[in-house]
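Below: the structure, in structure tokens.
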């Protein structure tokens, strides 16, 4: 079991990391502003689920393979980039796939959740981050995989909390912006463009 001292330190560091600007938080902001609170929370929960999957990857050694194999890293990297670009293009070209009314049905919310999980899992940098970051808080006295699972669970909960709060605020801002018809008409295009840029950024950024 992780010591209380390390756990408190881990929670503090995790909170700082969660609010640090990056692709995940931009994705949640985009969903919130464009599609409302439910979409933002679904995206936040999706990334949180993805974080737990990455914890499992770190435990079983998949993350180590990505770190050791340049080819495996590139394959996952470009798959993730391509997926974000695909989501962006769908938003740009077909408004039925990116409803900005804020009145999402259960099926649409589940789709946003699933897309967020996939986008997170297909980011190899996240996998390597977990492999490098979590072990720093593992004690030699305890069972390593149990401690990693504990830390991963805490990280997941912090992701839900921080991303959820940010997503709700983004949704409130989006509601105000949509009161202007001209702005409302452009939100889907801006959101789609942001998703495409996130994908391109992931693809071209040095590993």
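Residue numbers (this note's numbering): 11 to 217.
All C-beta atoms, glycine included, are put in the ideal place defined by N, C-alpha and C.
Look at the segment 138 to 212 and you find these whole runs of alpha helix (DSSP H), each 4 residues long or longer: 154 to 187.
DSSP places residue 15 within a helical segment (H, G or I) once states are collapsed to three. Counting the other CB atoms within 10 Å of its CB gives residue 154 a total below 16, which places it among the exposed residues. Residue 120 and residue 169 have their C-alpha atoms some 18 Å from each other. Nearest to residue 16 by alpha-carbon distance, out of 205, 157, 180, is 157.
Residue 133 carries a coil assignment under DSSP once its states are collapsed to helix, strand and coil.
For residue 30, there is no enclosing alpha helix (DSSP H), since its DSSP letter is neither H nor E. Comparing C-alpha distances from residue 172 to each of 44, 117, 60, 55 shows the shortest one belongs to 55. Apart from the 5 residues on each side of it in sequence, residue 18 has no Cβ closer than 8 Å to any other Cβ in its chain. In the three-state reduction of the DSSP assignment, residue 110 falls in the coil class. When secondary structure is reduced to three states using DSSP, residue 126 falls in the helix class. Residue nearest to residue 45 within the set 13, 122, 71 is 122 (criterion: CA-CA distance). Membership of residue 87 in the alpha helix (DSSP H) is indicated by the continuous run 80 to 103.
Judged by DSSP secondary structure, residue 64 falls within the alpha helix (DSSP H) whose first and last residues are 47 to 70. Around the CB of residue 150, fewer than 16 other CB atoms lie within 10 Å, so the residue is classed as exposed. When the five nearest sequence neighbours on each side are left out, the beta carbons in the same chain lying within less than 8 Å of the beta carbon of residue 206 are those of 94, 95, 98, 99, 102, in order along the chain.
Residue 68 places its beta carbon less than 7 Å from that of residue 141. Residues 82, 83, 86, 134, 137, 138 of the same chain have their beta carbon placed closer than 7 Å to that of residue 76, with the five preceding and five following residues left out of the count.
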